[in-house]
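Undergrad:
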Amino acid sequence: MHFKSLLILFLFLTFNISAQQKTNKTLSPEAKRYWNNAMIYKEEAKTFSENELVINELEKLVAIQDYPEAYFELGKLYGKGYISSWIDRSQECFKKYVELCPDKKDIAEEESNKCETFRNIRKIRFNKNLVGKWVTAPEIKFGGNTYCFEVNSNGTVTVPYEYSAYLERVTDWQTINFGYWPDYGKYILNTGNSIHAESFRVKFIGSENISNLYIHICFFYQENDENLSENKLVGYINHAWNNSSWIWNENHKVIFYKIQ
Numbered sequence: 077m078h079f080k081s082l083l084i085l086f087l088f089l090t091f092n093i094s095a096q097q098k099t100n101k102t103l104s105p106e107a108k109r110y111w112n113n114a115m116i117y118k119e120e121a122k123t124f125s126e127n128e129l130v131i132n133e134l135e136k137l138v139a140i141q142d143y144p145e146a147y148f149e150l151g152k153l154y155g156k157g158y159i160s161s162w163i164d165r166s167q168e169c170f171k172k173y174v175e176l177c178p179d180k181k182d183i184a185e186e187e188s189n190k191c192e193t194f195r196n197i198r199k200i201r202f203n204k205n206l207v208g209k210w211v212t213a214p215e216i217k218f219g220g221n222t223y224c225f226e227v228n229s230n231g232t233v234t235v236p237y238e239y240s241a242y243l244e245r246v247t248d249w250q251t252i253n254f255g256y257w258p259d260y261g262k263y264i265l266n267t268g269n270s271i272h273a274e275s276f277r278v279k280f281i282g283s284e285n286i287s288n289l290y291i292h293i294c295f296f297y298q299e300n301d302e303n304l305s306e307n308k309l310v311g312y313i314n315h316a317w318n319n320s321s322w323i324w325n326e327n328h329k330v331i332f333y334k335i336q
């Protein structure tokens with residue numbers, strides 16, 4: 077009798093686990109549509125921004141059904157971002173994948189490590205491409221016929237003697253806190269495709285009625301540009317009190333070009 081009870085319990089647990097696995101691994105018609113859409117977008121995606129189409133479909137899927145492979149794909153896609161919220165989401169998705177498939181823990185850890193390596197390589201590439209002298213387009217009155225600033229191989233930034241009197245100092249490059257930028261700058265960081273940024277800070281000591289005003293200049297590495305140009309940077313400044321002041325336009329945006 078004791079053996080029969082154990083057998084019944086074993087069969088019940090086996091059936092229950094099988095049913096749960098079927099629920100997790102068999103897609104409903106709606107979830108299957110999201111999965112198919114995601115795989116089509118994944119096949120065609122060539123840029124980071126296009127990968128967001130894949131992410132959107134997969135997020136719709138996991139909102140209605142726990143599907144291990146969807147979490148696994150989301151973990152990989154989010155893991156290629158630099159924004160902290162994306163990295164956190166990547167880890168959440170890999171964790172959920174392991175919960176649903178405990179035997180795949182090693183695979184999840186391996187993919188998570190690959191994502192971290194990818195982020196590090198892209199950051200190294202970005203920093204390497206920064207080294208050199210940079211100018212703006214001729215219509216921007218900054219730096220004259222010389223260069224605006226120079227990024228040195230050790231990560232520091234210097235400015236030319238011609239207008240150094242207008243600047244108190246230029247600091248080392250630093251990674252921008254994504255919550256730091258007010259109004260428009262914060263909007264760019266939160267909604268744009270630019271997911272890695274570096275900045276330096278300068279201080280005016282008297283130009284165009286501006287004095288003692290610190291301005292951060294932030295340069296974005298745009299992940300959706302697969303063929304990152306080595307002689308072009310998209311720069312934004314976070315604040316200015318005078319619309320006629322240096323490197324300013326209504327979009328807070330300036331294109332800098334490297335001197336070849």
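All letters in the sequence shown, in the order written, are residues 77 to 336 by the numbering used here. All C-beta atoms in this analysis are idealised placements derived from N, C-alpha and C, irrespective of residue type, glycine included.
(1) Between K156 and C191, how many whole angstroms is the CB-CB distance? I'm expecting something under 8 Å.
(2) How about V227 and V211: do their beta carbons lie closer than 9 Å?
(3) Assess, as a yes-or-no matter, whether the region 169–177 is touched by the region 193–203 under the definition of 3 or more beta carbon pairs within less than 8 Å.
(4) Measuring alpha carbon to alpha carbon, tell me which residue in T102, F332, S166, I163 is nearest Y143.
(5) In the DSSP assignment, find the unbroken alpha helix (DSSP H) run with G208 in it and report its ends.
(6) Shortest alpha-carbon distance to R165 belongs to which of I335, C177, E126, E149?
(7) Determine the closest residue to M115 out of P105, S104, N127, with distance taken between C-alpha atoms.
(8) Would a C-beta distance cut-off of 9 Å place W111 and L134 closer than the cut-off?
(9) Compute the Euclidean distance between the alpha carbons of N113 and I200, then round it to the nearest angstrom.
(10) Answer yes or no: does any C-beta atom of chain B fall closer than 9 Å to that of E120?
TA: Considering the structure as presented:
(1) 6 Å
(2) no
(3) no
(4) T102
(5) Looking at the DSSP string, G208 is not in any alpha helix (DSSP H); the run it does join, the beta strand (DSSP E), is 208–212.
(6) E149
(7) N127
(8) yes
(9) 34 Å
(10) In the displayed structure, chain B is absent; only one protein chain is listed.
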